[in-house]
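First the structure, in the form of structure tokens, and then the observations on it.
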Amino acid sequence: LKGLGLAHKSEAGAVRVGITNADELTTAANQMPKEINEFLIEQTVTNIVAEVLVSVRRDAPVGWLITLGAGGIYTELWRDTVCLLAPSSDVEIKQALQKLRIAPLLNGFRGKPAADVDSLVDLIQKLIDAALKNELVEVELNPVLVTTNSAVAVDALMIAETR
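If you read the sequence shown in my numbering, its first letter stands for residue 13, the second for the next number, and so on.
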């Protein structure tokens, strides 16, 4: 369960996981901050290998800037990001991901399975395409949960150009 309308939902107590029935859902919703009046119920993602930040932003002097990094609660904690210009090839994106401190997790760390990096790269390319085609100022997915067989964006922030 996720309360809508906040940028940092975890810090505000607006995220609950592990809900298994309607009573738990009602209790969790009632325990959310009072200013939240819209909720989103999401299916739990399992077999998570890593949480990744993916951002595409229009930067006036440079063009379209892609930022990749450690996602979720680790975004501010580790400040582990790399930037590249859009458009970028799949190879360039994979090389950028390997520069992150979370690269060992993506590759399979200490006998754990590797992440589905191909699905992550596909998601990144689709996000770049959507940002460029829709004239967005910025779009950020954080986190993208990368599993052994998928990449799922569970939160997004989009800023459109004002006209």
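Glycine included, each C-beta is placed from N, C-alpha and C at the ideal position.
Residues sharing a beta bridge with residue i, DSSP
i	result
Leu77	Arg69 and Leu97
Leu52	Lys14
Delimiting residues of the alpha helix (DSSP H) encompassing residue i
i	result
Ala172	That residue, Ala172, is in no alpha helix (DSSP H); its beta strand (DSSP E) goes Ala168 to Ala172.
Thr159	Taken as a continuous stretch (DSSP letters only), Thr159 belongs to no alpha helix (DSSP H), being part of the beta strand (DSSP E) at Leu148 to Thr159.
Ala165	Not the alpha helix (DSSP H): Ala165 falls in the beta strand (DSSP E), residues Ala163 to Ala165.
Lys145	Val129 to Lys145
Leu18	Unbroken run through Leu18: none, as it is neither H nor E.
Sub-7 angstroms separation of residue i and residue j beta-carbons
i	j	result
Val57	Val156	no
Arg28	Ala40	yes
Glu63	Gly81	no
Ala108	Leu96	yes
Ala127	Val61	yes
Val151	Val68	yes
Gly15	Ile48	yes
Ala98	Ile140	yes
Beta carbon proximity, residue i to chain D, threshold 7 angstroms
i	result
Ala98	Within the model displayed, chain D is absent; a lone protein chain is all it includes.
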